[in-house]
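Peer 1:
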Amino acid sequence: MSTILQTTDSASQVYSLEITCPLGLENVLEKELHGEGLTNTRFGEGQVKLTTDLEGMYKACLWSRVATRVMLPIANFKIDSADDLYDAVRAINWSEHMSATDTIAIDCHGTNHHIRNTQFGAVRAKDAIADYFVDLSGERPSVQKEQPDVRIALRIKREVVTVSIDLSGESMHRRGYRQQGSMAPLKENLAAGLLLRAGWGRDCGLTQLIDPMCGSGTFLVEAAMMSLDIAPGLGRQYWGFKGWKQHDHRMWQQLMDFAKNRKKDPVELGLRFQGTDRDQRAIAASRESIKRAGLVGVIDVAMTPFQEHEFDINQELPGLVICNPPYGERIGDEMALIALYRQLGEWVVGHVRGWQFMMLTSNEHLARQIPVRPEKSTRVINGGIECRAYLFPLLERSIKEDVVAQSAMTPGAQMFANRLQKNAKKMKKWVDKNKIQCYRVYDADMPEYAVAIDVYQDWAHVQEYQAPKSVDPEKAKQRLFEVMSAIPTALNISESNVILKQRQRQSGKEQYEKFDQTKHEMIVEEYGCDFIVNLKDYLDTGLFLDHRPVRKLIQDKANGKRFLNLFCYTATATIHAGQGGARNSLSVDMSNTYTEWARRNIELNEFSELHHQVERADCIEWLKQSRDTFDLIFMDPPTFSNSKKMADVLDIQRDHGDLVRLAMARLAKGGELIFSNNYRRFILDVDLEQEFDVKNITQETFDPDFDRNSKIHQCYIIKHKS
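Going letter by letter, the sequence shown gives residues 23 to 744 in the working numbering.
(1) On the premise that I126 lies in contact with I174, defined as a C-beta separation below 8 Å, what is that separation, rounded to the nearest angstrom?
(2) Below 9 Å between beta carbons: does that hold for L242 and F295?
(3) Identify whether V671 lies in helix, strand or coil by the three-state DSSP scheme.
(4) Kindly give me the distance between the Cβ atoms of Y478 and V555, rounded to whole angstroms, as I take these residues to be in contact under 8 Å.
(5) According to the neighbour-count rule (16 or more other Cβ atoms, all chains shown, within 10 Å of its Cβ), is D270 buried or exposed?
(6) Measuring alpha carbon to alpha carbon, tell me which residue in Q721, S744 and W222 is nearest A735.
(7) Alpha carbons only, please: which of R64, L55, M79 and K53 is nearest the one belonging to Y37?
(8) What residue does the alpha helix (DSSP H) around H271 start on, and which one ends it?
(9) Taking the CB atoms as reference points, tell me whether D467 and R303 lie closer together than 9 Å.
(10) Mapping DSSP to helix, strand and coil, what is A175?
(11) In this structure, what does DSSP give as the bridge partners for C130?
(12) DSSP three-state label for R146, please.
(13) Report buried or exposed for A113, applying the criterion of at least 16 other Cβ atoms within 10 angstroms of its Cβ.
(14) For N100, does the three-state DSSP call read helix, strand or coil?
(15) Indicate, with yes or no, if the ligand GDP has a heavy atom lying under 8 Å from the CB of K285.
(16) Rounded to whole angstroms, what is the Cα-Cα separation between V111 and F328?
(17) Closer than 6 Å by C-beta to I252: which residues in its own chain qualify, once you throw out the five before and the five after it? Chain order, please.
(18) Confirm, please, whether the CB-CB distance from G297 to G239 is below 9 Å.
(19) Over what stretch of residues does the alpha helix (DSSP H) that includes D552 continue unbroken?
(20) Between the alpha carbons of L561 and Y591, how many angstroms are there, rounded?
(21) Considering Cα atoms alone, identify which of G265, D299, C226 and R197 is closest to L256.
(22) Less than 8 Å between the CB atoms is what I'm expecting for L522 and M357, so what's the real figure, rounded?
(23) Within this structure, are the beta carbons of T723 and L689 separated by less than 9 Å?
(24) From this set, G406, Q166, M247 and I407, which residue's C-alpha is nearest L217's C-alpha?
(25) From which residue to which residue does the alpha helix (DSSP H) around S507 run?
(26) Quick one: is E48 buried, meaning 16 or more other Cβ sit within 10 Å of its Cβ, or exposed?
(27) Can you tell me whether P95 is helix, strand or coil according to DSSP?
(28) At the level of alpha carbons, what is the spacing between H5 and L208?
(29) Is it true that the CB of N98 sits closer than 9 Å to the CB of V182?
(30) Counting only the same chain and skipping the five closest in sequence on each side, list residues whose C-beta sits under 7 Å from that of T18.
(31) So, N456 versus W481, is the Cβ gap smaller than 9 Å?
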C-alpha cells in the first residue's frame, strides 16, 4: 500500500537494512514486508535484508508484526586485534548519525580471538566514538543504557565486525500493551508470526479464533490487531531512530496518522476472539493486556477449563484454534501432561472440525497425542527452548478416527480415579473443618499403583516409589501413566499442576540436591502458620505432611518456653512454636539450603530474628559444645546421613541413644524432648527407658490422611525422671 508524503532531502536516500526476526519465521517476515510494498528483499538466517528509502524504513518499524529489530549497518570491516576494532570504529563518520551531546548505548554480540568478551568489545567501541567527537568538538557523548538517543550494535563473527544503528531501539516485540514482568514467555512477534503461518491475517477470510489455554492472551491480542489492521508499532513510545540525525519527524508523524486511520470496525467484520484458562493470574494478565490494547469488547476470556467452557462457535464459518500449552520439560511433567494433550486433541476434533488447529510445543511425544496428522511444522525458539509449531487441518482425511475412539480413560485409570475420589470424599469433612490446605490423599493403597499423592492447595505432588526389579518396567510405566491421567479428573486439578517425582533412598548431599531450577514456590497455611513450599526443585517440598499433628502438639506446648529445633529442615516446627507463644527459639541444621529456607519462613511469619535464631551447624557437634538449656526440644533426625559437613556418619538406629542423651543434657528440669524419626524398623534403645521417662505417642500423631501408614514415623516424648 503506497502513501503520498511530503519528502525531505533524506527521503530519497536508499538504505540497506537488516531486519531480524525469530528463527524459522524469515519467510513469514519477508511476505509481511511485501504486503506493505517493501519488495526489494532477500532473507537469511534469522533476518531479512531490505533495500528501501526512509519511508520504507519507517513502514517496516511501524507495521512489521514479526520483526525483532530494524538495523542499519554503517560499517563492515576485518580486524586482527582490539586496536583494529578501535581504529575502524573511530574512522566511521559518526557526525552523519549523531551529535556529541547525544546519549548512546552499545550492544556487542559475538567474540573472537581478539575480542574475548562482549563487554570489552562494547567498551573499545565506546572509547573510539568518544575520542572521535572529542577530536571534532571537544565534547563526548555519555552512555545511557536505557532508551538512549542512539543505540549502536556491534556484531562480531570470526574476524569480521559489522557496526549498525539500531533504528528500533529495543526489541519490537514490545508493543506496549503487555505489562513488564507478565507471566507469559511467548513474545508478541513470535505469536504474530505463528498466526500468520497458520493462515490468520488481514482479510484472510477467517473470522473465529479460539485459544483454549490463552495464558496472558498474546495470541488473541495479536490476532485481533491483525484483523482490525492496528499497526503493532502504534503503542510504542520509544524508537531508536528518534535520536538519529537523519530522522524525519514530519514524515514519521504523517505515517503514524495514516496508520491510526486504517483501523477497522470489529462489529462490521463480525469477528470472534475467545480464550480460556484455568489459572486466575493468567486471566487477570490477559484482561489487562486486552484493556491496554484497546480491545475490550472485542476479545472474550474466561477462567474456565476449555473442556468445560461453552464457546460461541459458528459451525458454518471457518476458524482457527491456536495455543501454547505446557511443554513438560521434565519426565514427570510430561507424564502429567499426556492426559491434557489427549483431551485437547479430543476437544478440537469434537468441536471444530473443518477448522485449522496450531499448537506450539517442545515435546514431540506430547504432540503425537493429538489424533490428527499435522500438515506441516515450523521450528522456532520460545523462551530459549527449541519448539515446533504443528499445524493440524481438522479435516476427515487427517483425523485418526481409530485413535479418537481409543482415547477414553483406560479401565486401570478409571479404577484408580475411583479410588482417589473415594479417598478425597472420605477426607473432605475433616479437611474443611480444620482448614487443611496440604494433605495426603493416596499412599500406595493399591500395591500395583505404588505412589504417594499429596494435595497442596490446587496442586498435586506425586511421588513414585521405586518398583522392585521383579516388576516389568513397561507395566510400571503404564500404571504410572494411568495414575497421572486419572489425577486431574479425580481431584479436579489442572494437568499442568501435577508434579511427579521418583522416591528412593537418598543419603549425604543427595538429600539437598536440586531436581530442577524452576524455583516453583508457593505459600500454604497450617493452623495459623504460613510456610514456603517448593513442589518442583527438591525431592521434598519443605513441609513434612505426616508431622502435622506433631507440629500442632508443639504449638500447644510452646507458650513461654525456650524452644530448640534440631535437624530443623525448613523450621516449620519452629513457626508453630512461635505461633504458640514460645519465648524464644533456636533452629539448627547443617544444610545451607534449609537454614536459608528456615530464615525465610521465620521472616514470612513476622517473628523477630533476635528471638528466633537459625544456626547452620552439625547438630551432633553443636550438642556436644553447647551449654544452653531449653524447655522444649524437637528432634527429627534423618534415618541415615553421611554428609561431608558431618564429623561422622549418622545411623539413627545405631546412634539414637547417644543422640537423645546429648539432647537431654540441654533439656531443663521439667522440660520435654519430642523425638521423632522415620525409620520403619526403628526400635527404641531399652536403656533410654531406664534413664528417662519415655512415652510413645506415635499413634497419637497420625491425622486421617496418614492413619493407614502406621510406620511412616515413630514419635516419643522424653522427660527427665522426677
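Ideal Cβ placement from N, Cα and C applies to all residues, glycine included.
Peer 2: Taking the coordinates as given:
(1) 6 Å
(2) yes
(3) coil
(4) 6 Å
(5) buried
(6) The residue you asked about is not Ala; residue 735 is His in the sequence shown. Of Q721, S744 and W222, the residue nearest in Cα terms is Q721.
(7) M79
(8) H271 to N283
(9) no
(10) strand
(11) L176
(12) helix
(13) exposed
(14) Going by the sequence as given, residue 100 is Lys instead of Asn. Residue state, collapsed to three classes: strand.
(15) This structure lacks the ligand GDP, and indeed carries no ligand of any kind.
(16) 56 Å
(17) K285
(18) yes
(19) From DSSP, D552 is part of no alpha helix (DSSP H) but of the beta strand (DSSP E) over C551 to N556.
(20) 13 Å
(21) R197
(22) 5 Å
(23) no
(24) M247
(25) P495 to L513
(26) buried
(27) strand
(28) Absent from the model: residue 5. The displayed extent of the chain is 23 to 744, so no value can be given.
(29) yes
(30) Past the edges of the chain, shown from 23 to 744, lies residue 18, and the structure says nothing about it.
(31) no
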